[in-house]
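Protein chains in written order, with the working numbering: chain P, 147 to 446; chain B, 22 to 174.
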Ligand SMILES: Cc1cc2nc3c(=O)[nH]c(=O)nc-3n(C[C@H](O)[C@H](O)[C@H](O)COP(=O)(O)OP(=O)(O)OC[C@H]3O[C@@H](n4cnc5c(N)ncnc54)[C@H](O)[C@@H]3O)c2cc1C
């Protein structure tokens with residue numbers, strides 16, 4: 147349980163971290179909270195010769211809500227996200243997600259950037275960032291680019307981010323009027339990771355119909371995905387319990403569900419439907435409540 | 022562990038079969054394949070360098086085509102390993118003509134040992150599927166390029 151020897155670097159800026167990454171190439175890994183990387187190094191499944199600790203890069207920290215966009219530094223810990231007033235105001239479903247990751251120690255060290263880059267197929271954030279239309283900023287030798295969450299997760303531990311890129315920021319549009327979102331997870335009793343996790347977001351129009359629907363699902367397939375069938379089934383519909391249930395029923399349609407010692411593909415598919423229905427109902431109730439709250443507030 | 026999947030390629034069956042039997046094409050399409058050395062008829066030594074997240078490894082392996090019925094079906098035996106563990110697999114590829122396209126189906130039984138197994142078990146199936154997807158996409162590109170008409174001499 148002792149990792150192989152490695153050289154340790156602690157740059158202060160993204161630029162110098164990028165330079166180190168380029169210099170050491172395949173032999174180097176970025177170290178964020180270490181909550182996924184260090185266990186793999188202790189088991190010697192991962193044996194990077196150089197660790198580039200970005201914990202002291204000040205520009206990667208901090209959470210800001212400005213001009214309707216929530217900007218979360220990649221080094222924000224699960225704990226900081228859980229207790230951030232800005233996140234609570236602009237993206238409460240992300241608070242709900244951060245709060246159910248691992249245990250206190252893990253939340254205190256683990257970061258959103260590390261979790262997204264690691265892209266464990268049973269991790270929690272991927273479902274929620276998909277449902278909230280998040281966008282990720284990546285910085286590499288070729289410059290800065292942004293990638294929408296919907297194009298980011300490709301497979302287990304495989305994302306659109308290149309090995310020479312650093313994730314710097316997660317941007318989420320602040321939830322507008324009549325918008326509600328929720329994340330629900332069935333934890334694996336052994337690991338606490340999601341057996342299945344579903345994040346749903348609903349935006350209602352003036353008439354109370356679904357103007358915007360997103361369903362992000364983790365744990366079912368080899369990468370988190372958007373349940374586009376369920377989203378399409380609700381477009382323009384009145385979100386009654388029945389329509390939500392019908393949409394949830396196709397949450398895993400056309401998806402190649404994983405089967406392993408923890409759960410069969412059938413069970414995961416079933417669970418996706420059950421959790422999708424509950425998450426959609428919760429998102430709708432919150433969307434309706436948010437409309438009511440703001441209306442009464444504006445009367446004062 | 023059973024691994025299976027399928028991919029529809031927009032090319033005729035003969036063309037897909039030829040590509041699957043061409044070491045030049047395989048070197049360009051198999052993810053991480055660094056070297057492919059024929060060691061006899063339908064037998065190869067291979068070196069593969071793959072990084073999946075922080076797990077980086079070089080794997081040495083042997084692949085043998087144990088049976089083939091052109092252009093329909095071949096069976097393969099693969100074994101190899103690297104520091105994270107060993108892999109032994111036996112599988113079959115079938116090619117089915119569908120109009121101008123070809124449906125390639127693969128099915129295999131894979132045995133994995135070492136940390137690759139103890140740590141990677143729940144990830145292995147997903148990684149295999151994702152790599153198969155990368156392979157077929159690259160194969161599609163190759164088959165397309167080769168399908169372009171010969172330049173007029
Ligand atoms: C006991 C335990 C329980 C857990 N339970 C859960 C759970 O229930 N749900 C869940 O979702 N997760 C869970 N996790 C994982 C946890 O959320 C990790 O914090 C997270 O997966 C990785 O974040 P990190 O900051 O620790 O990254 P690290 O471990 O430091 O890095 C992970 C990977 O990302 C790369 N990386 C990190 N940051 C960046 C960046 N900014 N740019 C580019 N590359 C980067 C690293 O090189 C490495 O490959 C658990 C972990 C443990 C140990």
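The beta carbon of each residue, even a glycine, is placed where N, CA and C say it ideally should be. Computed from a prediction, not measured in an experiment: that's the story for all the values here.
If we count the other Cβ atoms within 10 Å of its Cβ and call it buried at 16 or more, is residue i buried or exposed?
i             : result
residue 45/B  : exposed
residue 27/B  : exposed
residue 364/P : buried
residue 215/P : exposed
residue 88/B  : exposed
residue 172/P : exposed
residue 337/P : exposed
residue 385/P : buried
residue 326/P : buried
residue 168/P : exposed
residue 175/P : buried
residue 289/P : exposed
residue 139/B : exposed
When the Cα atoms are used, what is the spatial distance from residue i to residue j?
i             : j             : result
residue 94/B  : residue 120/B : 18 angstroms
residue 210/P : residue 307/P : 23 angstroms
residue 144/B : residue 302/P : 6 angstroms
residue 261/P : residue 423/P : 26 angstroms
residue 259/P : residue 427/P : 29 angstroms
residue 98/B  : residue 112/B : 7 angstroms
residue 311/P : residue 353/P : 45 angstroms
residue 341/P : residue 410/P : 10 angstroms
residue 269/P : residue 227/P : 16 angstroms
residue 185/P : residue 155/B : 28 angstroms
residue 197/P : residue 61/B  : 43 angstroms
residue 391/P : residue 297/P : 27 angstroms
residue 248/P : residue 130/B : 34 angstroms
residue 166/B : residue 42/B  : 16 angstroms
residue 161/P : residue 287/P : 9 angstroms
residue 154/P : residue 76/B  : 18 angstroms
residue 5/B   : residue 101/B : Past the edges of chain B, shown from 22 to 174, lies residue 5/B, and the structure says nothing about it.
residue 220/P : residue 92/B  : 51 angstroms
residue 137/B : residue 148/B : 12 angstroms
residue 178/P : residue 79/B  : 26 angstroms
residue 448/P : residue 127/B : Absent from the structure is residue 448/P, since the part of chain P shown begins at 147 and ends at 446.
residue 151/B : residue 52/B  : 10 angstroms
Taking 8 angstroms as the CB-CB limit, is residue i close to chain B?
i             : result
residue 175/P : yes
residue 192/P : yes
residue 416/P : no
residue 406/P : yes
residue 304/P : yes
residue 155/P : no
residue 445/P : Low confidence applies to residue 445/P: its pLDDT is 49, below 50, so where it sits in the model is not reliable, and the reading given next is rough at best. No, no contact with chain B.
residue 462/P : Residue 462/P is absent from the structure shown; chain P starts at 147 and stops at 446.
residue 402/P : yes
residue 276/P : no
residue 267/P : yes
residue 172/P : yes
residue 332/P : no
State the beta-bridge partners of residue i as determined by DSSP.
i             : result
residue 299/P : 305/P
residue 289/P : 286/P
residue 98/B  : 85/B and 111/B
residue 27/B  : 126/B
residue 118/B : 123/B
residue 174/P : 196/P
residue 132/B : 109/B
residue 66/B  : 58/B and 83/B
residue 76/B  : 73/B
residue 210/P : 217/P
residue 91/B  : Residue 91/B is not bridged to any residue.
residue 319/P : 215/P
residue 147/P : BP columns for residue 147/P are empty, so no partner.
residue 313/P : 284/P
Could you name the residues of chain A that residue i contacts, counting a contact when the two beta carbons are closer than 9 angstroms?
i            : result
residue 28/B : This model lacks chain A altogether; the protein chains it does include are P and B.
Compare the C-beta of residue i against all C-beta atoms of chain P and say whether one is closer than 8 angstroms.
i             : result
residue 131/B : no
residue 162/B : no
residue 20/B  : The displayed coordinates of chain B run from 22 to 174. Any statement about residue 20/B would go beyond what the structure contains.
residue 151/B : yes
residue 146/B : yes
residue 142/B : yes
residue 136/B : yes
residue 34/B  : no
residue 105/B : yes
residue 85/B  : no
residue 77/B  : yes
Inside the stretch 322 to 391 of chain P only - alpha helix (DSSP H) runs reaching at least 4 residues: 374 to 380
Starting from the N-terminal side, write out each stretch of the alpha helix (DSSP H) that is 4 residues or longer and does not extend beyond the stretch 253 to 287 of chain P. 258 to 264 and 271 to 277
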